[in-house]
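Structure first, commentary second.
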Amino acid sequence: MTGILRETASQTAGPYVHIGLAPNQAGFDIFENNFGNVLVTPQTKGERIHIEGTVFDGSNTPVRDVLIECWQANAEGKYNSPGDRQPGKKLDPAFRGWGRACSDFDTGLYSFETIKPGVVQGRKGRPMAPHINLWIVARGINLGLNTRLYFSDEGEANAKDPVLNLIEWEVRRKTLIAQRETRDGKVVYRFDIRLQGDGETVFFDI
Amino acid sequence: MSRAPVAGDEFMMRDTTSHPPAYAPAYKTSVLRSPRNALISLQQSLSEVTAPVFRAEELGPRDNDLIMNAAKDGMPVGERIIVHGCVRDQYERPVANALVEVWQANASGRYRHKKDQYIGALDPNFGGCGRMLTDANGYYAYRTIRPGPYPWRNRVNDWRPAHIHYAISGDGWVQRLITQMYFEGDPLIASCPILRIVPSEEQIRGLIAMQDTTAFVPLDSRAYRFDIVLRGRRATLFENLVQGEAQ
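In structure tokens form, the structure reads like this:
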């Protein structure tokens, strides 16, 4: 490929990723404005949801130093990004659709406060079921892992989703489905991620 | 190529030979944190070609000044340096408005982090993190203290070369990248397990910042140059399948 540069090599985020990307969790206060795991304000349109889960390594031990970023469309299914030119869908000025969360150093639990995204037009006009894109980095992960979170109460849309259907092994598709429950009147989706071994989460080369 | 790519066009396929493998036993922590199944390759959709947009007003005026952004009652200890460079894509086009976040140990090789137990001293005037947006030419710059090397538990006498961590967010989700920058001439580079698992010398060289005398500030700071290449966005010929406009 003459004339094409190589992408800069990836390196692990290391154990101290929090210093750079979530300094409050590292134990100090430096920036006025911190990027975090709350994607919504009171003005954001859409159904409020809480996502939580644990990332497990190949020995089934929680990964307590992981950082996860999410990227999603708004309640109408539009990304807050100049590349999204889907006709007829409006931006929500109170929703960027991006956030980052760290697992708790003790429990290993991560969480996001967000809204459930709408359907996004996929390639060749095939609709994609509501989903959230996740990017996972940590010590021991040499190249950030990409996956998608889908919703357990979207069975019909999930069954037609072009990306889920691309996964040849039906048994592996369920690793991408977050399970809906109601807790204290709030909607909670549980999404555990298994880096390796039994029930290994599907990761994508995107 | 008939036209320049625009936002919403897709990116060229990732060349995985540019990156260390997920499973790299020389870096022991990767053994249990690496998937065993092949990644599923996706043709990009809007979910992959879009990305969040960051605005200058979200960052503070001293966020790219690591010498001063955590100083309490004096200057941090260590060598004052400037690090600068360009963020481009694989077609050498500048990536404007990319979010560049950096973090590092202090001159003693100690991180300001509750989990770092190394005996090297904390510096009360040094935090070790900064962030900035690239300008219209993809250019970024910050000043800091040159970090020190430090020992880590891999083999018992493994030492990390001095390095600065980078996280870069471009204008497509597929461009998201975390890496580390090393310093020209550091003798620890030759034996670092985390660096040696990068599959080619060419790619390792790409992670080593070169001293840049042209950017020195006389009687004040030395400078290093570190350029970054993100995935290339290509003009989609004939029809835009990503947006779903053609059947």
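Protein sequence lines correspond, in order, to chains H and B. Following this note's numbering, the numbering of the first sequence begins with 1 at its first residue and continues without gaps. Following this note's numbering, the numbering of the second sequence begins with 1001 at its first residue and continues without gaps. Beta carbons: idealized from backbone N, C-alpha and C, even for Gly. Owing to the predicted nature of the structure, the values given are computational and were not obtained by experimental measurement.
Min CB distance residue i to chain B below 8 Å
i: P42 of chain H; result: no
i: S10 of chain H; result: yes
i: V88 of chain H; result: Strictly speaking, residue 88 of chain H in this sequence is Gly, with Val absent from that position. No, its Cβ sits nowhere closer than 8 Å to a Cβ of chain B.
i: N142 of chain H; result: yes
i: I49 of chain H; result: no
i: V38 of chain H; result: no
i: E207 of chain H; result: The question about residue 207 of chain H has no answer here: the residues shown for chain H are numbered 1 through 206.
i: L195 of chain H; result: yes
i: G108 of chain H; result: no
i: V21 of chain H; result: Reading the sequence as shown, one finds Leu at residue 21 of chain H and not Val. Judged by the 8 Å Cβ criterion, L21 of chain H is in contact with chain B.
i: I68 of chain H; result: no
i: I115 of chain H; result: no
i: Q179 of chain H; result: no
i: L134 of chain H; result: no
Cβ-based neighbour list, residue i, same chain, cut-off 6 Å, excluding 5 preceding and 5 following
i: Q196 of chain H; result: G58
i: V17 of chain H; result: L67
i: N1064 of chain B; result: G1130, M1132 and Y1142
i: D1171 of chain B; result: A1051
Residue(s) in a DSSP beta bridge with residue i
i: L67 of chain H; result: H:C102 and H:V137
i: L149 of chain H; result: H:I132
i: Y110 of chain H; result: H:G53
i: D1065 of chain B; result: B:R1143
i: F1011 of chain B; result: B:R1233
i: F204 of chain H; result: H:N146 and B:I1040
i: R251 of chain H; result: An answer regarding residue 251 of chain H cannot be provided, because it is not within the stretch 1 to 206 covered by chain H.
Inter-residue CB distance, residue i and residue j (contact presumed, cutoff 8 Å)
i: A1105 of chain B; j: P1061 of chain B; result: Contact doesn't hold; Cβ gap of about 25 Å is too wide.
i: H1084 of chain B; j: A1141 of chain B; result: 4 Å
i: N74 of chain H; j: P130 of chain H; result: Not confirmed; about 11 Å, so no contact.
i: R64 of chain H; j: G108 of chain H; result: 5 Å
i: P1005 of chain B; j: A1022 of chain B; result: Incorrect: roughly 29 Å between the Cβ atoms, too far for contact.
i: K1072 of chain B; j: G27 of chain H; result: That pair is no contact at about 16 Å.
i: G20 of chain H; j: H1165 of chain B; result: 6 Å
i: I4 of chain H; j: Y1091 of chain B; result: 7 Å
i: I30 of chain H; j: N1069 of chain B; result: 6 Å
Min CB distance residue i to chain H below 8 Å
i: M1001 of chain B; result: Confidence is the limiting factor: at M1001 of chain B the pLDDT is only 46, short of 50, which leaves the residue's position unreliable and the question unanswerable from this model.
i: K1251 of chain B; result: No statement about residue 1251 of chain B is possible, as the shown extent of chain B runs from 1001 to 1247 and does not include it.
i: V945 of chain B; result: No answer is possible for residue 945 of chain B: it lies beyond the span of chain B, which begins at 1001 and ends at 1247.
i: I1040 of chain B; result: yes
i: Y1150 of chain B; result: no
i: A1022 of chain B; result: yes
i: L1328 of chain B; result: Residue 1328 of chain B falls outside the range modelled here, since chain B spans only 1001 to 1247, and no answer is possible.
i: Q1247 of chain B; result: Only weak support is given to the placement of Q1247 of chain B: the predicted model assigns it a pLDDT of 39, under 50, and the question is left unresolved by the model.
i: T1213 of chain B; result: no
i: D1116 of chain B; result: yes
i: V1100 of chain B; result: no
i: R1014 of chain B; result: yes
i: W1159 of chain B; result: no
i: L1177 of chain B; result: yes
i: T1050 of chain B; result: yes
Buried/exposed call for residue i, threshold 16 Cβ in 10 Å
i: W98 of chain H; result: buried
i: V1102 of chain B; result: buried
i: G1127 of chain B; result: buried
i: I1119 of chain B; result: exposed
i: W135 of chain H; result: buried
i: P1056 of chain B; result: Reading off the sequence, residue 1056 of chain B comes out as Ala, not Pro. A1056 of chain B should be labelled exposed.
i: A1136 of chain B; result: exposed
i: V120 of chain H; result: buried
i: V38 of chain H; result: exposed
i: D198 of chain H; result: exposed
i: P1149 of chain B; result: buried
i: L43 of chain H; result: Inspection of the sequence shows that residue 43 of chain H is occupied by Gln rather than by Leu. Q43 of chain H comes out exposed.
i: A1167 of chain B; result: buried
i: T1029 of chain B; result: buried
i: S1254 of chain B; result: Nothing can be reported for residue 1254 of chain B, as the shown portion of chain B is limited to 1001 through 1247.
i: D106 of chain H; result: exposed
i: S1200 of chain B; result: exposed
Chain-order list of residues whose beta-carbon lies under 7 Å from that of residue i (same chain, five-residue window excluded)
i: N24 of chain H; result: N34
i: G122 of chain H; result: M128 and P162
i: D1116 of chain B; result: R1110
i: W1152 of chain B; result: D1158 and R1160
i: D1186 of chain B; result: P1161 and A1162
Chain-order list of residues whose beta-carbon lies under 8 Å from that of residue i (same chain, five-residue window excluded)
i: L1207 of chain B; result: T1179, Q1180, M1181, Y1182, L1195 and V1198
i: S1047 of chain B; result: W1173
i: K90 of chain H; result: E76 and K78
i: R1014 of chain B; result: V1174 and R1231
i: N142 of chain H; result: S10, Q11 and T12
i: L164 of chain H; result: A129, Y150, N158, R173 and L176
i: M1001 of chain B; result: Because M1001 of chain B carries a pLDDT of 46, less than 50, the predicted location of this residue cannot be relied on, and the following value inherits that uncertainty. Excluding residues within five positions, the ones whose Cβ falls inside 8 Å are R1234 and A1235.
i: M1 of chain H; result: Residue placement at M1 of chain H is poorly supported in this model, since its pLDDT is 49, which falls under 50; the coordinates still yield a value, given next. For M1 of chain H, where only same-chain residues beyond five positions count, there are no Cβ hits under 8 Å.
i: G14 of chain H; result: R139
Closer than 7 Å: residue i CB and nearest the ligand MG heavy atom
i: H1165 of chain B; result: The ligand content of the structure shown is nil, which means the ligand MG is not present either.
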